[in-house]
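**Student:** These protein sequence lines are chains A and B, in that order. To convert, take the position in the first sequence, counting from 1, and add 404; that gives this note's numbering. To convert, take the position in the second sequence, counting from 1, and add 55; that gives this note's numbering. Built from N, CA and C at the ideal position, the CB exists for glycine as well.
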Amino acid sequence: MAHDVPSRTSLLARRCVKLQKLLAAFAVVPIVVLAAVRPGRGAPITFVTALPVAQDQLVWRNYFNPGYKGDDPTSADRDLWNLLYNPVFAWGPSADLAIFASLTPQYSFLSENTPQGRISQSAGGLGDSLIFARYTAYSKDWLGKTLRIDPLAGVYLPTGWYNKSDIYGRLPQYMQGGSGSVDPYFGLTTMYKTQLEEFDWDITYRYNPAASSGYQLGNSFHTDFAYYRRVVPWILPDQGLDNQIWVGLETNLIRDGTNRVGGMNDPATGGLVWYLDPGIFYATPFWTTGMAIQVPVIQNLNGPDRLYGSFRLFLYFEYYFMMPSLPKWAQF
Amino acid sequence: MGSVLISFNWNFHRDTLSAELGQAMSRGNPRTMGKKKTRVLALTVVFVLAHLCFRSYLSAAQGPDAGVNHGKGEPTLTRVRIQVRGLVSPRAAQNIFIRLDKQKGVRAFKCDLGANIITVDFQPYQQVSKADAERVIRSAGWTPGTIEIERVSVRKALSDEAGRYWYVLPQLEGASGLKRWLVINFGLWTIYKDLNVDVPDSNSGAPVQGANKAHD
Numbered sequence: 405m406a407h408d409v410p411s412r413t414s415l416l417a418r419r420c421v422k423l424q425k426l427l428a429a430f431a432v433v434p435i436v437v438l439a440a441v442r443p444g445r446g447a448p449i450t451f452v453t454a455l456p457v458a459q460d461q462l463v464w465r466n467y468f469n470p471g472y473k474g475d476d477p478t479s480a481d482r483d484l485w486n487l488l489y490n491p492v493f494a495w496g497p498s499a500d501l502a503i504f505a506s507l508t509p510q511y512s513f514l515s516e517n518t519p520q521g522r523i524s525q526s527a528g529g530l531g532d533s534l535i536f537a538r539y540t541a542y543s544k545d546w547l548g549k550t551l552r553i554d555p556l557a558g559v560y561l562p563t564g565w566y567n568k569s570d571i572y573g574r575l576p577q578y579m580q581g582g583s584g585s586v587d588p589y590f591g592l593t594t595m596y597k598t599q600l601e602e603f604d605w606d607i608t609y610r611y612n613p614a615a616s617s618g619y620q621l622g623n624s625f626h627t628d629f630a631y632y633r634r635v636v637p638w639i640l641p642d643q644g645l646d647n648q649i650w651v652g653l654e655t656n657l658i659r660d661g662t663n664r665v666g667g668m669n670d671p672a673t674g675g676l677v678w679y680l681d682p683g684i685f686y687a688t689p690f691w692t693t694g695m696a697i698q699v700p701v702i703q704n705l706n707g708p709d710r711l712y713g714s715f716r717l718f719l720y721f722e723y724y725f726m727m728p729s730l731p732k733w734a735q736f
Numbered sequence: 056m057g058s059v060l061i062s063f064n065w066n067f068h069r070d071t072l073s074a075e076l077g078q079a080m081s082r083g084n085p086r087t088m089g090k091k092k093t094r095v096l097a098l099t100v101v102f103v104l105a106h107l108c109f110r111s112y113l114s115a116a117q118g119p120d121a122g123v124n125h126g127k128g129e130p131t132l133t134r135v136r137i138q139v140r141g142l143v144s145p146r147a148a149q150n151i152f153i154r155l156d157k158q159k160g161v162r163a164f165k166c167d168l169g170a171n172i173i174t175v176d177f178q179p180y181q182q183v184s185k186a187d188a189e190r191v192i193r194s195a196g197w198t199p200g201t202i203e204i205e206r207v208s209v210r211k212a213l214s215d216e217a218g219r220y221w222y223v224l225p226q227l228e229g230a231s232g233l234k235r236w237l238v239i240n241f242g243l244w245t246i247y248k249d250l251n252v253d254v255p256d257s258n259s260g261a262p263v264q265g266a267n268k269a270h271d
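(1) Quick check for students: name the residue ranges of the beta strand (DSSP E) that lie wholly in the segment 638-675 of chain A, counting only runs of 3 or more.
(2) Within 8 Å (strictly less), CB to CB, does B/P145 reach chain A?
(3) Pick helix, strand or coil for B/V254, following the three-state DSSP scheme.
(4) Closer than 8 Å, CB to CB, is A/A454 near chain B or not?
(5) By the 9 Å beta-carbon criterion, what residues does the segment 519-550 of chain A contribute toward chain B?
(6) Assuming A/R538 and A/F590 make a contact with CB atoms under 8 Å, what is their CB distance in whole Å?
(7) When you compare only the Cα positions, how much space is there between B/R210 and A/S533?
(8) Looking at the structure shown, is A/G528 part of a helix, part of a strand, or coil, going by DSSP?
(9) Could you please give the first and the last residue of the uninterrupted beta strand (DSSP E) stretch that includes A/Q698?
(10) Shorter than 8 Å from the beta carbon of B/R162 to some beta carbon of chain A?
(11) Can you tell which of A/D604, A/Q648 and A/Y566 has its C-alpha closest to the C-alpha of A/G618?
(12) When Cβ atoms are compared, which residues of the segment 174-196 of chain B fall closer than 8 Å to chain A?
(13) Which residues does DSSP pair with B/T133 in a beta bridge?
(14) Assign A/T453 to buried or exposed, taking buried as 16 or more other Cβ atoms, counted over all protein chains shown, within 10 Å of its Cβ.
(15) Mind pulling the beta strand (DSSP E) runs of 3 or more residues that sit fully within the segment 464-505 of chain A?
(16) Helix, strand or coil for B/R94, going by three-state DSSP, please let me know.
(17) Could you tell me if A/S624 is buried or exposed, where buried requires 16 or more neighbouring beta carbons within 10 angstroms of its beta carbon?
(18) Would you check if the segment 217-232 of chain B and the segment 144-163 of chain B touch, i.e. whether three or more CB-CB distances between them fall below 8 Å?
(19) Rank A/L657, A/L645 and A/L575 by C-alpha distance to the C-alpha of A/W605 and give the top, closest one.
(20) Compare the C-beta of A/M726 with all C-beta atoms of chain B and state if any pair is closer than 8 Å.
(21) Hey, would you say B/T198 sits closer than 8 Å to B/I204, going by beta carbons?
(22) Does DSSP put B/L142 in a helix, in a strand, or in coil?
(23) Can you tell me whether A/T518 is buried or exposed, with buried defined as 16 or more other CB within 10 angstroms of its CB?
(24) For the segment 647-676 of chain A, list every residue whose C-beta sits within 9 Å of some C-beta in chain B, in sequence order.
(25) Using 8 Å as the threshold, is the C-beta distance between A/Y724 and A/V492 below it?
(26) Among B/E216, B/L132, B/V100 and B/V139, which one has its Cα closest to the Cα of B/G169?
(27) In the DSSP assignment, what residue or residues form a beta bridge with A/E602?
(28) Taking contact to mean at least 3 C-beta pairs separated by less than 8 Å, is the segment 685-697 of chain A in contact with the segment 139-158 of chain B?
(29) Is there a Cβ from chain B that is less than 8 Å from the Cβ of A/Y686?
(30) How should A/R552 be labelled, buried or exposed, when 16 other C-beta atoms within 10 angstroms of its C-beta is the threshold for buried?
(31) Is the number of C-beta pairs between the segment 702-714 of chain A and the segment 664-678 of chain A that are closer than 8 Å three or more?
(32) Between which two residues does the alpha helix (DSSP H) containing B/E189 stretch?
(33) To the nearest angstrom, how far is it from the Cα of A/N647 to the Cα of A/T563?
(34) Per DSSP, which one or two residues make a beta bridge with A/P509?
(35) Quick one: does A/K732 have its CB under 8 Å from some CB of chain B?
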């Protein structure tokens, strides 16, 4: 009979293991969610790394990103809505150097079936924040064409919550906004643009060290590509600077490593996701706005009970500000 | 006119000197006579030097960069036409606009994206060099190509700038930093289009505030 009534300690241990498995199973999702809005992405709408930033210029881009994940292979029939409203700032202290900062305010809403019936959980607040610097290592300009190759490096700061809970217990990892650690981030971005077409590509890597709780998210690798073409005006007039409409297609490939819990790899985490994002944007000399819809093409996720993404909408508005110059002694 | 003035001065000096000498000799005091002579000589030197300085100032003010075209009697300003490599979009042009606002004496500019040309009109009193133009384009992140600097009449410039594609910078020299920042950054460019252009008077070369109103 003794094995029918587990001791309090063993019950707690089993609960811990279950919780750890749950955390591990869903740990890759917030990375995907964060990745979907972080600036190091490979397309003009879903990324800002290739934005040209002039000296003494401040670029403010604000996203509005509602996303839905409703493809659940389990009986829980989970539905996850996630809304991000993240501002990105890029400032140029010199013509070659740009400093980027991205904040990720967000709100998540989850509903799922449980033995107690269908329940809803929600969480809101600030996610991890990203700061990085980009330096134009190589640039070549022709008449009506430009090529730029820029390495970048920075860190994700643990400004997001990573241990939030409600009356049902700790929230699943994909509703947690942060990793709980300072994560180095680096990469390379390339832009080739003509007056008619634009090609952007980037490759970035985020290293996730262990958080203070002993939990370590898998490292994240991204590569993105974007192609856009000007459609209005179809033929560019010689005179003046007309507002323009561009349409195009972006694609994002994301590979997340497995998480580590208590020093052990969790094979039910990590995976490969490939997205396509058709997009359109309207550009004026002083502001730009646009939208793209991100649709998963391949979701090769490890583990049997993962929640698969359905779509994410990207809406953004961008404005350009003139800023005061740095004092002479601080210029370089 | 300068030589006339100098000869006049010389005559003045000589006449004054003779009068002083006559007075001193009539008093019969050789020591007083020497002091007066020195004073007169010093005054003469100061006067001649002052005249030379004034003449050089006049010639500088009447030079080709002073905003006055004496041949036609019409005020002019400097127009710079810059070919820009890498000018690919409105976004790219805005980078240059940001830098132009930092440049002294810019009053209006235009971007011809299809032709890869930025045209900048400076205030009539502002001198500008090719190096200045290159610096603006490079700090915006692009590469300058051919640069042409020409003098155009203010009347023609104002007529051009009334066109659709020109942006006229607000003249906010006396404004606070915050006001200037707000005006520049929130699209009030065109509201200030016809205000506060310093057009030099064709006779004196002195700037006349708001003179472009008369041309409209």
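**Tutor:** Quick answer:
(1) 648-660, 663-665 and 668-670
(2) Here residue 145 of chain B is taken as the residue at index 90 of the second sequence, counted from 1. By this cut-off, B/P145 is an interface position.
(3) Residue mapping note: residue 254 of chain B aligns to position 199 of the second sequence, counting from 1. Interpretation of B/V254 is limited by its pLDDT of 46, a score under 50 that renders its predicted location unreliable; no figure is taken from the coordinates.
(4) Here the question's residue 454 of chain A lines up with position 50 in the first sequence. It does not; no Cβ of chain B falls within 8 Å.
(5) T540, S543, K544, D545, W546, L547, G548, K549 and T550
(6) Your numbering for residue 538 of chain A matches position 134 in the first sequence. Your numbering for residue 590 of chain A matches position 186 in the first sequence. Rounded, the Cβ-Cβ distance is 11 Å, inconsistent with contact.
(7) Start at 1 with the first residue of the second sequence, and residue 210 of chain B comes out as number 155. Start at 1 with the first residue of the first sequence, and residue 533 of chain A comes out as number 129. Using only the alpha carbons, I get a separation of about 54 Å.
(8) As a position in the first sequence, residue 528 of chain A is number 124, starting the count at 1. Looking at A/G528 - three-state DSSP - the assignment turns out to be strand.
(9) Walking along the first sequence from the start, residue 698 of chain A turns up at place 294. Unbroken beta strand (DSSP E) run through A/Q698: W691 to L705.
(10) Stepping through the second sequence from its first residue, residue 162 of chain B is reached at position 107. False, the Cβ-Cβ gap to chain A never drops below 8 Å.
(11) Counted from its first residue, the first sequence places residue 618 of chain A at position 214. That would be A/Y566, whose Cα lies nearest to the Cα of A/G618.
(12) R193, S194, A195 and G196
(13) Here residue 133 of chain B refers to the residue found at position 78 of the second sequence. According to DSSP, B/T133 bridges with B/R206.
(14) Counted from its first residue, the first sequence places residue 453 of chain A at position 49. Answer is buried; the Cβ neighbour count reaches 16.
(15) 483-488 and 491-495
(16) As a working note, residue 94 of chain B is residue 39 in the second sequence. Residue state, collapsed to three classes: helix.
(17) For the purposes of this step, residue 624 of chain A is identified with residue 220 of the first sequence, where counting begins at 1. Buried is the call here.
(18) yes
(19) On the first sequence, residue 605 of chain A is found 201 positions in, with the first residue counted as 1. For the residues A/L657, A/L645 and A/L575, the minimum Cα distance to A/W605 belongs to A/L657.
(20) Numbered from 1 along the first sequence, position 322 holds the residue referred to as residue 726 of chain A. Yes, A/M726 lies at the interface with chain B (some Cβ there is under 8 Å from its Cβ).
(21) In the second sequence, the residue the question calls residue 198 of chain B occupies position 143. In the second sequence, the residue the question calls residue 204 of chain B occupies position 149. Against a cut-off of 8 Å, the Cβ pair of B/I204 and B/T198 comes out as no contact.
(22) Translated into the one-based positions of the second sequence, residue 142 of chain B becomes position 87. B/L142 falls in the coil class under three-state DSSP.
(23) As a working note, residue 518 of chain A is residue 114 in the first sequence. By the 10 Å Cβ count, A/T518 comes out exposed.
(24) N647, Q648 and W650
(25) Residue 724 of chain A sits at position 320 when you count from the first residue of the first sequence. Residue 492 of chain A sits at position 88 when you count from the first residue of the first sequence. No, these two residues do not count as a Cβ contact at 8 Å.
(26) In the second sequence, the residue the question calls residue 169 of chain B occupies position 114. Taking only the C-alpha atoms, the option nearest B/G169 is B/V139.
(27) Here the question's residue 602 of chain A lines up with position 198 in the first sequence. A/E602 pairs with A/K597 and A/Y632.
(28) yes
(29) For the purposes of this step, residue 686 of chain A is taken as residue 282 along the first sequence, with counting starting at 1. Taking Cβ atoms only, chain B never reaches closer than 8 Å to A/Y686, which makes this a no.
(30) By 1-based counting over the first sequence, the position of residue 552 of chain A is 148. A/R552 is buried by the Cβ-count criterion.
(31) yes
(32) Taking the first residue of the second sequence as 1, we reach residue 189 of chain B at position 134. Where B/E189 is concerned, the enclosing alpha helix (DSSP H) stretches over K185 to S194.
(33) Along the first sequence, one-based indexing puts residue 647 of chain A at 243. Along the first sequence, one-based indexing puts residue 563 of chain A at 159. For A/N647 and A/T563, the distance between alpha carbons rounds to 38 Å.
(34) For the purposes of this step, residue 509 of chain A is identified with residue 105 of the first sequence, where counting begins at 1. A/L530, per the DSSP bridge assignment.
(35) The sequence position of residue 732 of chain A within the first sequence is 328, counting from 1. Taking Cβ atoms only, chain B never reaches closer than 8 Å to A/K732, which makes this a no.
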